[in-house]
Ligand code: S3P
């Protein structure tokens, strides 16, 4: 992919009603469950970002039929649990950790061999967290370099159900084990000391799987019964709260702004950022709550606000794990200090986000202290100097967060490569410019 530098300069008020693309987590899962079900699954509102398209391509290579009709609805004809075939080529998941990790659980379901690969960012991310539990279930894993991709996975003749306590709060690990567990005889159990996004459990149920959730000794136990037949269904993908975070924070920091972001998913395992922004004094509310395909949604109404620094507790991290880059930008505009703890997982996202955020804030003139697992941002009281060029490290959320920073900074903020925004938020700069932002391509 050729890199695309972008810049964002101070704009007037951001105004309007908008819809952000479909949720990335739900989109991957809708395609995957469709491919494991019998019959036709119709998906409305699928995120057509590169990450999700990579999952669609991988599922086709595994033998599912996946098509988009001209009305934008996606149709998946699944092959049943354990019914996929060995792909001819490598499964290249590009930049997508979710696609790669969840599909490992899917490949585990049948005795086929598949080689997983990705781009430079994905191939440097840890995969041992998935190889470990899947090996316990009987999957053979051969990785080129320790716990990284490329790696070859071969499903066993007969999967073993396991009881597995998550060593880290990761919905991707949980989902890989549960997806594999669909094909294992008996009960596969995942124990979560900290709650992570629960879309896999919800969607498994919507497709007819038996999933029981209980609370024991302060931990969440998810018990899934293997070898059911999943039944195709219709899924409507709600708007992504992680994507809505970018226009929302832009509106908070740009004076006179008022945005309505419609139909945003409000699943409580995903809304930690909004709780934090409210604590910071944001004028933000949710209206018209409704339920769409087993998930709650609402219109997010956000107006520019004077923000103050807060302490963000470590136990909130799983419910806002993708939102720290843009929260750090909000913190830079606040008055006072914001401390964010429990961020070790940020080091193994699409980039080492902890250091990418710290490096980026320094570039735009904001004081920041980084430790192994925390970030302390000294707010400027709305006076962010800006200027400089941000190194995005192949990370879409670093690119979008710093373009948001530019909307109210004294000097324009440049990002060295906005091309990765396509992985999760196609049309981001056009949408923002339609609301009043000034984001444009710059020459390399
Ligand atoms: C995701 C889980 C999170 C998140 C990622 C999407 C998912 O990753 O960062 O963007 O869809 O399950 P971890 O499970 O590694 O925390």
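Numbering (the numbering used here), first residue to last: 87 to 530.
Just so it is clear, CB atoms sit at the ideal spot from N, CA and C, and this is done for glycine as well.
Remember, predicted model here, so these are calculated numbers, not experimental data.
Selection from the options that minimises the alpha carbon distance to residue i
i           : options               : result
residue 447 : 430, 267, 468 and 488 : 488
residue 494 : 523, 288 and 509      : 523
residue 212 : 234, 176, 277 and 372 : 234
residue 373 : 352, 364 and 482      : 352
residue 271 : 243, 254 and 286      : 243
residue 96  : 341, 397 and 424      : 341
residue 90  : 485, 510, 519 and 517 : 485
residue 315 : 474, 167, 195 and 137 : 167
residue 317 : 127, 514 and 88       : 127
residue 201 : 338, 239, 346 and 289 : 239
residue 275 : 264, 269 and 285      : 264
residue 232 : 253, 196 and 210      : 210
residue 432 : 155, 483, 407 and 206 : 407
residue 389 : 338, 198 and 396      : 338
residue 237 : 227, 526 and 461      : 227
residue 364 : 344, 392, 385 and 343 : 392
residue 429 : 206, 457, 423 and 479 : 457
residue 497 : 199, 525, 229 and 334 : 525
residue 248 : 255, 230 and 223      : 223
residue 502 : 516, 475 and 455      : 475
residue 385 : 516, 396, 334 and 253 : 334
residue 220 : 199, 245 and 198      : 245
Cβ pair residue i, residue j closer than 8 Å
i           : j           : result
residue 191 : residue 262 : yes
residue 203 : residue 164 : no
residue 512 : residue 326 : no
residue 409 : residue 135 : no
residue 173 : residue 208 : no
residue 349 : residue 387 : no
residue 471 : residue 443 : no
residue 193 : residue 241 : yes
residue 394 : residue 367 : yes
residue 93  : residue 500 : yes
residue 310 : residue 277 : no
residue 102 : residue 521 : yes
residue 100 : residue 347 : no
residue 445 : residue 491 : no
residue 413 : residue 355 : no
residue 180 : residue 137 : yes
residue 130 : residue 152 : no
residue 110 : residue 132 : no
residue 312 : residue 268 : yes
residue 205 : residue 480 : yes
residue 427 : residue 459 : yes
residue 185 : residue 144 : yes
Collapsed DSSP secondary structure at residue i in the structure displayed
i           : result
residue 246 : coil
residue 322 : strand
residue 305 : strand
residue 327 : helix
residue 311 : strand
residue 234 : strand
residue 140 : helix
residue 366 : coil
residue 357 : coil
residue 181 : coil
residue 103 : strand
residue 428 : coil
residue 525 : strand
residue 445 : helix
residue 316 : strand
residue 118 : helix
residue 133 : coil
residue 332 : helix
residue 112 : helix
residue 511 : coil
residue 517 : helix
Residue i CB to nearest heavy atom of the ligand ADP below 7 Å
i           : result
residue 331 : Inclusion of the ligand ADP in the displayed structure is not the case, the ligand content consisting of the ligand S3P alone.
Q.
Ignoring anything shorter than 3 residues, give me the beta strand (DSSP E) runs that lie fully in the segment 453-508, in order along the chain.
A. 454-456, 460-464 and 499-501
Q) Taking contact to mean at least 3 C-beta pairs separated by less than 8 Å, is the segment 109-126 in contact with the segment 515-530? A) no
Q: Say whether the segment 315-327 touches the segment 283-296, bearing in mind that this needs 3 or more beta-carbon pairs closer than 8 Å, one atom from each stretch.
A: yes
**Q.** 3 or more residues per run - each beta strand (DSSP E) lying fully within the segment 377-422
**A.** 381-389
Q: May I ask you to verify whether the segment 278-287 touches the segment 297-314, counting CB pairs closer than 8 Å and requiring at least 3?
A: yes
Q. Do the segment 214-221 and the segment 249-263 meet, that is, are 3 or more Cβ pairs less than 8 Å apart?
A. yes
Q. Touch check for the segment 399-409 and the segment 364-382: three-plus C-beta pairs under 8 Å?
A. no
Q) Do the segment 463-470 and the segment 415-426 make contact, defined as three or more Cβ pairs closer than 8 Å? A) yes
Q.
If we require 3 or more residues per run, which beta strand (DSSP E) segments fall completely within the segment 175-220?
A. 199-203
Q: Could you tell me which uninterrupted alpha helix (DSSP H) segments, each at least 4 residues in length, are contained entirely in the segment 259-307, listed from first to last along the chain?
A: 285-292
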